[in-house]
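Below is one structure, written out as structure tokens; the observations come after it.
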Amino acid sequence: MKKLILAASLLALGAQAKAALFLNNNTNCTVIVQVYAHDLNHGICGLLSGRIVVPPMTALPFNNVASLNTNPGWMGQTAVTTGGAAVWGWDGITFNGANGGPIGNLTACFTTDNLTVPNGCIPVANVTATWTSISSTAAIVDFN
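Taking the numbering used here, the leading residue of the sequence shown gets 468, the next gets one more, and so forth.
Here is the structure:
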């Protein structure tokens, strides 16, 4: 049910912003991610964000690729704010540093959209990340 509500919310955001991303942490562990994206000036997986902390049992929404320009930033780059959904897109994520791995849109630069890795929280638990593309410019990432 929670996933359906988030999907509906994402579609509503996507209809307005045309390029939404939800990071949905359903675990009791903190998840740390970096996001890959593209825009008019940066090709597929050409933008890599700084670290984003997703607290336990929370969902973080991002309206569009340019929404990450200031916090956490794009590793020395800036996404363009013009062109909208025609040029923006979310490509994938890496999560939990050395313990984690990359997942994402299989049409981008990723070979899997689902990955289970050990997480360093106490008690030690596995975390499964699943990337679900809702449209060509919108996605939900669930951490379970």
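Virtual Cβ for every residue (Gly too), placed ideally from N, Cα, C.
- With respect to the 9 Å criterion, Asp-506 and Ala-533 are classified as neighbours on the basis of their beta carbons.
- When C-beta atoms of the stretch 508 to 517 are compared with those of the stretch 542 to 562, three or more pairs fall below 8 Å, so the two segments count as touching.
- A straight-line Cα-Cα distance of about 14 Å links Pro-522 and Val-594.
- Judged by beta-carbon spacing, Asn-586 lies within the 9 Å limit of Asn-563, meaning their Cβ atoms are closer than that value.
- A residue is called buried when at least 16 other Cβ atoms come within 10 angstroms of its Cβ; Asn-491 meets this threshold and is buried.
- Distance check between Ala-552 and each of Thr-604, Asn-495, Thr-497 places Thr-604 closest, using alpha-carbon atoms only.
- With respect to the 9 Å criterion, Ala-596 and Val-608 are classified as neighbours on the basis of their beta carbons.
- In this model, Val-500 and Ile-560 are separated by some 6 Å (Cα to Cα).
- Bridge partners of Ser-534 according to DSSP: none are assigned.
- Less than 9 Å separates the beta-carbon of Cys-588 from that of Asn-495.
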